[in-house]
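This report refers to the structure that appears directly beneath it.
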Amino acid sequence: MGTSSAEVDLSSVLKATAREAASLSAKLPAHVEGEVLVKVKPGTSGLEDFPAEYGARLLEQFDVPREIYPSFGGDLLRLKLPEGMTTAQAIAAMEKDPRVAYAASNDILETFGTATPEVPADLDYRLWGLHNTGQDGGTRDADIDAPEAWAISTGSRQGPVIAVIDTGIDYNHPDLAANLWTNPAEVPGDGIDNDGNGVVDDVHGYNAITDSGNPMDDNSHGTHVSGTIAGDGTNGTGVHGVNWQARLMGIKFLSAGGSGTTADAVKGVLYATRMGARITSNSWGGGGFNQALYDALKASPALHIFAAGNSNSNNDNRPSYPASYDLDNIVAVAASDRNDRRAGFSNYGAQSVDLAAPGKDIYSTTPGGQYAVYSGTSMATPHVAGVAGLIATVYPDASNQEIKARLMNGSEPLPDFRGKLASGGRLNAYNSLENDSVAPGAPNDFRAAETSPRHVRLSWTAPGDDGWCGRATGYRLRVSEQPITDEQAFDSAIPVPTGAASAAGTIESATHSLVPSGQERELHFALKVYDNVGNTSEARTATVRIPAATLAFEDDMEASEDKWIAGSWARVADETRGLVWTDSPNGNYPNQANSALTSQSISLEGLRGSTLIYDSRYDIESGFDNLLLEVSTDGQNWTRVAHLSGASDWSTRVVDLSAYDGRQVQLRFRLESDSSITRDGFYLDRVVVAGERTS
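For the sequence shown, the residue numbers in the numbering used here are 4 to 698.
Here it is in structure tokens:
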């Protein structure tokens with residue numbers, strides 16, 4: 004049954020949401036003022052009347068391909084608001100409408116790249132990012148090993164479609180013309196939409212700005228990106244792309260000035276989906292988290308390669324969207340220089356940025372048959388998109404997960420990226436493309452080398468890439484309270500971080516931090532070794548007995564509630580953890596929230612090095628709403644010792660309480676919010692306060 008239409012009392016709704024709208028107005032990123040993107044829930048009746056109820060005009064209803072409509076989850080509209088109604092007012096009002104899944108601003112997006120006037124005179128110049136011999140002060144082999152990869156494949160003009168979603172492509176460029184995707188169902192120049200996809204004469208792609216079939220580049224950014232992916236390597240002139248031969252689909256949504264809107268980006272993604280793009284290259288970003296763009300990317304079956312951004316900032320702490328969307332079909336790319344260092348402008352993130360690729364002083368195609376040197380994570384991204392295209396050419400049945408794993412596992416570990424990228428390395432085309440069916444060896448000496456109430460140090464001997472020959476890529480280490488006896492148990496166990504694999508025969512180790520317990524217990528560890536293409540060794544296991552710790556407080560939240568003063572907080576059931584405390588048991592927390600969960604008095608007498616350890620997950624509006632962790636020695640005056648904002652899945656957090664050794668304390672978890680935008684809130688499990696006896 005569909006959601007029925009209901010007349011909106013617009014004046015009352017705007018009045019009721021005025022405070023929220025005023026707060027929201029200051030938070031919106033750069034956007035098209037006077038417009039709003041609205042996703043209406045599936046089955047809503049009277050959809051054609053919806054805009055008028057808000058005094059708005061329908062600018063467009065997005066054409067979501069039928070095959071992804073169920074996962075997209077509704078109808079997306081772009082509305083022009085009536086004079087006098089701001090975007091913030093519309094979002095605040097429409098999100099109270101039961102027919103609306105969400106309302107969002109139409110954010111401004113921009114290219115991630117900067118041009119320099121330097122153009123090498125020799126068009127046969129060997130591109131350092133593909134093959135670095137030490138030219139121009141570079142470091143030999145600080146490249147993606149393209150020649151080695153080309154021994155396996157140089158691409159194919161019958162291979163996967165790679166969509167360049169950007170400023171367009173100069174489809175007449177002599178180094179690109181032969182490598183363009185051609186719509187087989189469209190007759191060029193006849194002025195007819197032959198294939199019935201809603202776009203006339205979309206022979207080589209789509210222009211989302213003009214809603215036409217002409218993706219000609221009037222900026223240069225998209226053409227430069229395209230040359231890196233697939234500059235023609237068969238014509239004896241110009242540049243070689245990562246793919247000598249390919250099928251490039253041009254999708255233009257960024258203007259001559261290098262900027263565009265979220266609405267046009269969504270249209271570009273939907274076109275790529277409809278027309279069968281396997282890989283997309285996206286050297287752009289901007290704005291904040293936008294649900295409409297997130298939904299379009301999530302529903303797409305393609306693998307999307309995104310530039311991480313050029314702000315020299317940590318995306319783990321300050322997300323750069325769309326690269327920071329937490330989606331399995333996104334690969335986020337940082338930039339490296341010719342000496343295998345992180346480019347000074349490049350964003351990074353140990354959790355949110357996947358790998359690096361050459362992105363500084365990159366020589367490639369520009370409109371009018373020209374060439375130029377540009378820099379940016381924009382230039383790194385097409386290197387990765389190109390290698391993803393080669394993988395999909397050689398392994399046409401590979402899934403997004405398998406292609407991404409080859410890119411990540413095949414990356415070359417480098418000191419400058421350790422702890423700054425998820426892979427810890429720079430793209431290596433040969434490693435990612437290698438046809439290797441031999442798994443690494445399994446270390447038979449896997450064991451616990453050291454145990455304490457707070458940690459376990461595990462040790463083993465590094466095997467090789469193929470059995471005990473060569474060098475493996477990395478390790479998958481897991482821990483569980485139950486024996487890890489099969490694949491299902493391994494996959495469901497908790498991952499333990501490890502470094503990259505060392506040379507065969509090296510003694511390796513990894514330390515797993517523990518939440519102290521007042522009871523002696525047993526933990527089970529399992530280790531697998533993987534290589535650059537994902538071949539994995541057999542598992543080796545170790546059972547470790549953990550000694551009991553000295554605890555001042557312990558609560559796993561499963562028994563009574565008498566250790567806490569709850570207020571409006573409540574315990575709810577979490578499907579993976581049992582009972583947990585939350586500030587928002589009935590949905591999102593409210594605006595202007597100020598609610599707290601307070602512990603009973605905890606004695607730290609006779610302890611030193613007191614430490615609080617707790618598990619939490621949270622979704623709190625970043626930068627505006629906060630979860631405050633506070634400590635009091637008298638129940639009246641509170642000192643903040645930590646705060647959280649943004650979003651995180653379940654993780655263990657540690658807070659130093661040694662300043663309170665020897666005293667009575669109370670802990671308080673307090674959520675506070677402002678007047679607009681609410682989230683799911685904070686969830687708390689397993690709280691422990693531990694220390695060492697002074698005598």
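Ideal Cβ placement from N, Cα and C applies to all residues, glycine included.
{"Check": "Does the pairing of the segment 272–289 with the segment 172–181 give three or more beta-carbon distances under 8 Å?", "Outcome": "no"}
{"Check": "Going along the chain, which residues of its own chain have a beta-carbon closer than 7 Å to the beta-carbon of Q522, five neighbours each way excluded?", "Outcome": "A551"}
{"Check": "Return the CA-CA distance between S606 and A106, expressed in angstroms with no decimal places.", "Outcome": "49 Å"}
{"Check": "Pull up the distance between the alpha-carbon of V202 and that of G389, whole angstroms please.", "Outcome": "27 Å"}
{"Check": "From D400 to N629, what distance separates their C-alpha atoms?", "Outcome": "45 Å"}
{"Check": "Rank A442, G413, S604 and D364 by C-alpha distance to the C-alpha of G141 and give the top, closest one.", "Outcome": "D364"}
{"Check": "State the Cα-Cα distance for the pair S648 and E63, rounded to the nearest angstrom.", "Outcome": "35 Å"}
{"Check": "What are the partner residues of R673, as DSSP defines its beta bridges?", "Outcome": "A599 and L631"}
{"Check": "Touching or not, the segment 422–430 and the segment 356–372, by the rule of three or more beta carbon pairs under 8 Å?", "Outcome": "yes"}
{"Check": "Starting from H646, trace the beta strand (DSSP E) both ways and give me its first and last residue.", "Outcome": "T642 to L647"}
{"Check": "In terms of residues, what are the limits of the alpha helix (DSSP H) holding H227?", "Outcome": "H224 to A233"}
{"Check": "If G244 sits next to T231, beta carbons under 8 Å apart, how far is it from one beta carbon to the other, in whole angstroms?", "Outcome": "6 Å"}
{"Check": "Jot down the residue ranges of each uninterrupted alpha helix (DSSP H) in the segment 60–131, minimum 4 residues, whole runs only, in chain order.", "Outcome": "72–75 and 90–97"}
{"Check": "In the DSSP assignment, find the unbroken alpha helix (DSSP H) run with L13 in it and report its ends.", "Outcome": "L13 to A19"}
{"Check": "Using a Cβ-Cβ cutoff of less than 7 Å, which residues in the same chain neighbour P85 once the five nearest sequence positions on both sides are dropped?", "Outcome": "G58 and A59"}
{"Check": "Which of helix, strand or coil does DSSP assign to D659?", "Outcome": "strand"}
{"Check": "Kindly confirm or deny that the segment 210–230 and the segment 162–171 touch, where touching means at least three C-beta pairs closer than 8 Å.", "Outcome": "yes"}
{"Check": "How would you call A124, buried or exposed, if buried means at least 16 neighbouring beta carbons within 10 angstroms?", "Outcome": "Unreliable positioning characterises A124 in this predicted model, as indicated by a pLDDT of 37, which lies under 50. The coordinate reading is nonetheless provided below. Flag for A124 reads exposed."}
{"Check": "Decide if S622 is buried, meaning its Cβ has at least 16 other Cβ atoms within 10 Å, or exposed.", "Outcome": "Checking the displayed sequence, the identity of residue 622 turns out to be Asp instead of Ser. Classification of D622: buried, given that the 10 Å Cβ count is 16 or more."}
{"Check": "If you follow the alpha helix (DSSP H) that I406 is in, where does it begin and where does it stop?", "Outcome": "N403 to N412"}
{"Check": "Just to confirm the assignment, what range does the alpha helix (DSSP H) spanning K566 have?", "Outcome": "Premise fails: K566 is in no alpha helix (DSSP H) and is neither H nor E."}
{"Check": "Just how far apart, CA to CA, sit A16 and A104?", "Outcome": "Per the sequence shown, the amino acid found at residue 16 is Val instead of Ala. So the two alpha carbons sit approximately 17 Å from each other."}
{"Check": "Taking contact to mean 3 or more Cβ pairs, one atom from each stretch, closer than 8 Å, check whether the segment 506–522 and the segment 448–461 are in contact.", "Outcome": "yes"}
{"Check": "Between the alpha carbons of N447 and A496, how many angstroms are there, rounded?", "Outcome": "20 Å"}
{"Check": "Using the beta-carbon count (16 or more within 10 Å), is D52 buried or exposed?", "Outcome": "exposed"}
{"Check": "For the 8 Å Cβ check, are there 3 or more pairs between the segment 562–571 and the segment 531–542?", "Outcome": "no"}
{"Check": "Name the DSSP bridge partner or partners of G162?", "Outcome": "G162 is not bridged to any residue."}
{"Check": "Between the Cα of S435 and the Cα atoms of R481, E98, A149 and A599, which residue gives the shortest distance?", "Outcome": "A149"}
{"Check": "Whose C-beta lies closer than 6 Å to the C-beta of D688 among residues of the same chain, with five residues either side of it excluded?", "Outcome": "M560, R580, V583 and D618"}
{"Check": "Have a look at the DSSP bridge pairing and note the partners of N210.", "Outcome": "S215 and K255"}
{"Check": "Here's a check: name, in chain order, each residue in its chain whose Cβ is nearer than 7 Å to the Cβ of F65, leaving out the five neighbours to either side.", "Outcome": "L79, V269, K270 and L273"}
{"Check": "Anyone know if the C-beta pair for A249 and G132 falls short of 7 Å?", "Outcome": "no"}
{"Check": "Is N186 close to chain B, meaning its C-beta is less than 7 Å from at least one C-beta of that chain?", "Outcome": "Of the protein chains in this structure there is only one, and it is not chain B."}
{"Check": "For a quick check, are the C-beta atoms of T380 and A338 less than 7 Å apart?", "Outcome": "yes"}
{"Check": "Under 8 Å: do the segment 190–198 and the segment 301–317 share three or more Cβ pairs, one atom per stretch?", "Outcome": "no"}
{"Check": "Assign E10 to buried or exposed, taking buried as 16 or more other Cβ atoms, counted over all protein chains shown, within 10 Å of its Cβ.", "Outcome": "exposed"}
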